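J.:
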Amino acid sequence: MWRHGDRSPVECFPATEELCAERWPQGFGMLTAEGMDLGLELGKALRARYSGGLIRPNYTRTDITVRSSDFDRTLMTAQAVMQGLYPPGSGPKTKDGKNGLTPDRLQPVPEHTVQQSQDTLLLAYDATACPAIAAADVAEQKMHLKEWESVSARWGNIRPLIQNVTGLSDDQTTIGAMYAIWDLLVCEMAHDYALIPALNNATLLREIQEIADFTLAHLFASETQQRLAAGRLVAEFSARFVAAVNNNTQPGWNPQSFPKPDRSRDDVAYGPRFWGYSAHDATIVALLQALGAYDGVHPPYASSVALELIPVKQFNAHAVRGGAPALSASPEDLHAVRGFYNTNQTTGNGAFGPEQAITMACSTRIKSANLIQSGAIPAGSCIVSDFVAGYAPVSMPGDTWKTDCALPSPSPTPLPPAPSASPSPAPAQWSGEQIGATVGSGIGGLVLGSIAAVLIVRSCRPEERRGPATMDTATLLF
2 MWRHGDRSPV ECFPATEELC AERWPQGFGM LTAEGMDLGL ELGKALRARY SGGLIRPNYT
62 RTDITVRSSD FDRTLMTAQA VMQGLYPPGS GPKTKDGKNG LTPDRLQPVP EHTVQQSQDT
122 LLLAYDATAC PAIAAADVAE QKMHLKEWES VSARWGNIRP LIQNVTGLSD DQTTIGAMYA
182 IWDLLVCEMA HDYALIPALN NATLLREIQE IADFTLAHLF ASETQQRLAA GRLVAEFSAR
242 FVAAVNNNTQ PGWNPQSFPK PDRSRDDVAY GPRFWGYSAH DATIVALLQA LGAYDGVHPP
302 YASSVALELI PVKQFNAHAV RGGAPALSAS PEDLHAVRGF YNTNQTTGNG AFGPEQAITM
362 ACSTRIKSAN LIQSGAIPAG SCIVSDFVAG YAPVSMPGDT WKTDCALPSP SPTPLPPAPS
422 ASPSPAPAQW SGEQIGATVG SGIGGLVLGS IAAVLIVRSC RPEERRGPAT MDTATLLF
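The sequence shown begins at 2 in the working numbering and counts up one residue at a time.
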């Protein structure tokens, strides 16, 4: 799974509105030439790692399937990645020996997608479509109130400067809007555009980034958030690994689309060995959080996560230690899943070297831990049975997302008691019960008016915006 490449911002600061038309001629949220190049480089790295082994050097339908969210930037990034994976010259020739599709023998590769409002696989984190995610956000933020208060205080120190130089209002600069502010700055820096001079300060930029990273990480911190935002992905990956090790047909693959004589071939019977997903930063964060492998830093453009299926070495030589459950000879115990998280695109095998290996939470389960200790599987990996069992709490088998996203009907609210003539008590310290009550009212409004604001921002974040951009208090983006 990869994030799309560099793109234009989804909006501009009021103070720099005049520059937008010049800087972003394709409009908001669109892949740029720099982003296309990053996708191409990622594709080259994937070719260096997988071509000639996992997949063939020339495109074959039984080797690979690509799924993208229905955004121009993710669809175009998928095309760029495929151009790197299957470069000019790898395309087919016609029956008379001529080059197909231009003299360069380009190879088109299909990218599959579904309508944004129906995408519960790659866009499941959208709180506007999933009230249960919004409720889980509130519960998580109540649980970590002290952390939010600390970060809110930091934001309060720089907020006046941000407002002064950008032209943003109080409602447009809640702590929940920090990701959107940072995102716009990242877009400008990625394309070497000059920042507003007062913001071009390394210390200030680092502070903005750390606050933005905090707000993004806490969108997927709890088990409930992870299940709703990444549960279908975890379930799909689990099902694909189980099907692969048992020589079963991959979910969603149709061998009947081939002539009968071909259906006995392994690649036709079982389906693709490479499944690519072109998605967004929030998709990657949700997945890494669910795997227990997120480093807390916002995924850069064209960053990617790879989960690879590998055999367990020297299975019969492994002794079970400490009364651990005995290893079986089941395919799920004979194969392991290892993961990589690449945040620095390079050509060649450097894209997924040892330094990019991730430690998944399933690696601590007893069977996998013993295999890691004996050297049978890499550190941080786990056998397939542990992957499936370990991530069951955050997995969502079957598309129950819409049902799970619905909130239960509220119980009838009792009538309030008659007003008392006694004096009102002094205001209590901030608590989660005050959610949204102080939005925009001084530092108290920063401290999760942020809880309310983060929920709204999650539903309108640049990576998941589904309608025209607006500059009003309803979005709290800018």
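C-beta: ideal position from N, C-alpha, C; glycine also.
These numbers come from a predicted model, not from an experiment.
1. Confirm, please, whether the CB-CB distance from residue 115 to residue 83 is below 8 Å.
2. Mind checking residue 47: buried by the 16 CB within 10 Å criterion, or exposed?
3. For the alpha helix (DSSP H) holding residue 152, just list the boundary residues, first then last.
4. In angstroms, rounded to a whole number, what distance separates the CA positions of residue 225 and residue 175?
5. Is residue 380 helix, strand or coil when you go by DSSP?
6. Go to residue 340, then tell me how far its alpha helix (DSSP H) extends in each direction, as first and last residue.
7. Counting C-beta neighbours from all protein chains within 10 Å, is the total for residue 138 16 or more, i.e. buried, or is it exposed?
8. Within the same chain, show all residues whose beta-carbon is closer than 7 Å to that of residue 388, passing over the 5 residues directly before and after it, in chain order.
9. Spatial neighbours of residue 271 within its chain, please: CB distance less than 8 Å, with the 5 preceding and 5 following residues excluded, ordered by chain position.
10. Helix, strand or coil for residue 310? Go by DSSP, reduced to three states.
11. Counting only the same chain and skipping the five closest in sequence on each side, list residues whose C-beta sits under 8 Å from that of residue 366.
12. If you reduce the DSSP assignment to three classes, tell me which class residue 11 lands in.
13. Should the region 188-201 be regarded as contacting the region 215-222, the criterion being three or more beta carbon pairs within less than 8 Å?
14. Within the continuous beta strand (DSSP E) that includes residue 67, where are the two ends?
15. Starting from the Cα of residue 232, find the closest Cα among 294, 394 and 64 and give me that residue.
16. In three-state DSSP terms, what is residue 177?
17. Reducing DSSP to helix, strand and coil, say where residue 201 ends up.
18. What runs of the beta strand (DSSP E), each 3 residues or longer, lie entirely inside the region 213-300?
19. Quick one: Cα of residue 379 to Cα of residue 373, how far?
20. Could you check whether residue 7 and residue 41 sit closer than 8 Å to each other, using their CB atoms as the reference points?
21. Between which residues of its own chain and residue 121 is the CB-CB distance below 8 Å, once the five residues before and five after are set aside?
22. Quick one: measure Cβ to Cβ for residue 269 and residue 63, integer angstroms, because I've assumed they're closer than 8 Å.
23. Pairs of beta-carbons, one from the region 119-134 and one from the region 66-81, closer than 8 Å: are there three or more?
24. Quick check on residue 24: does DSSP put it in helix, strand or coil?
25. Rounding to the nearest angstrom, what Cα-Cα distance links residue 76 and residue 283 in this structure?
T.: Reading from the atomic positions:
1. Cβ distance not < 8 Å, so residue 83 and residue 115 don't count as in contact.
2. By the 10 Å Cβ count, residue 47 comes out buried.
3. 146-167 is the extent of the alpha helix (DSSP H) around residue 152.
4. If you draw a straight line from the Cα of residue 225 to the Cα of residue 175, it comes to about 25 Å.
5. In the structure shown, residue 380 adopts coil according to DSSP, grouped into three states.
6. Counting along the chain, residue 340 falls outside any alpha helix (DSSP H), though it belongs to the beta strand (DSSP E) covering 336-343.
7. Looking at its Cβ environment, which holds 16 or more other Cβ atoms inside 10 Å, residue 138 is buried.
8. The answer, listed in chain order, is 239, 242, 338 and 363.
9. By the criterion of a C-beta distance shorter than 8 Å, residue 271 is surrounded in its chain by 244, 245, 248, 249, 250, 251 and 254, once the five residues flanking it on both sides are discounted.
10. DSSP, reduced to helix, strand and coil, places residue 310 within a strand of the structure shown.
11. 383, 387, 390 and 391, listed in sequence order.
12. Here residue 11 sits in coil by DSSP.
13. Counting Cβ pairs under 8 Å, fewer than three are found: no touch.
14. Where residue 67 is concerned, the enclosing beta strand (DSSP E) stretches over 65-69.
15. Considering only alpha carbons, the answer is 394.
16. In the three-state reduction of the DSSP assignment, residue 177 falls in the helix class, which pools H, G and I.
17. DSSP, reduced to helix, strand and coil, places residue 201 outside both helices and strands of the structure shown, so it counts as coil.
18. Qualifying beta strand (DSSP E) stretches, in chain order: 275-280.
19. Taking the straight line from one Cα to the other gives about 6 Å.
20. Their beta carbons are not under 8 Å apart, which means residue 41 does not touch residue 7 by this criterion.
21. Same-chain partners within the cutoff: 233, 400, 402 and 403.
22. With a Cβ gap of about 6 Å, residue 269 and residue 63 count as contacting.
23. Touching, per the Cβ criterion.
24. DSSP places residue 24 in the helix class (H, G or I) of the three-state scheme.
25. Cα to Cα, residue 76 sits roughly 16 Å from residue 283.
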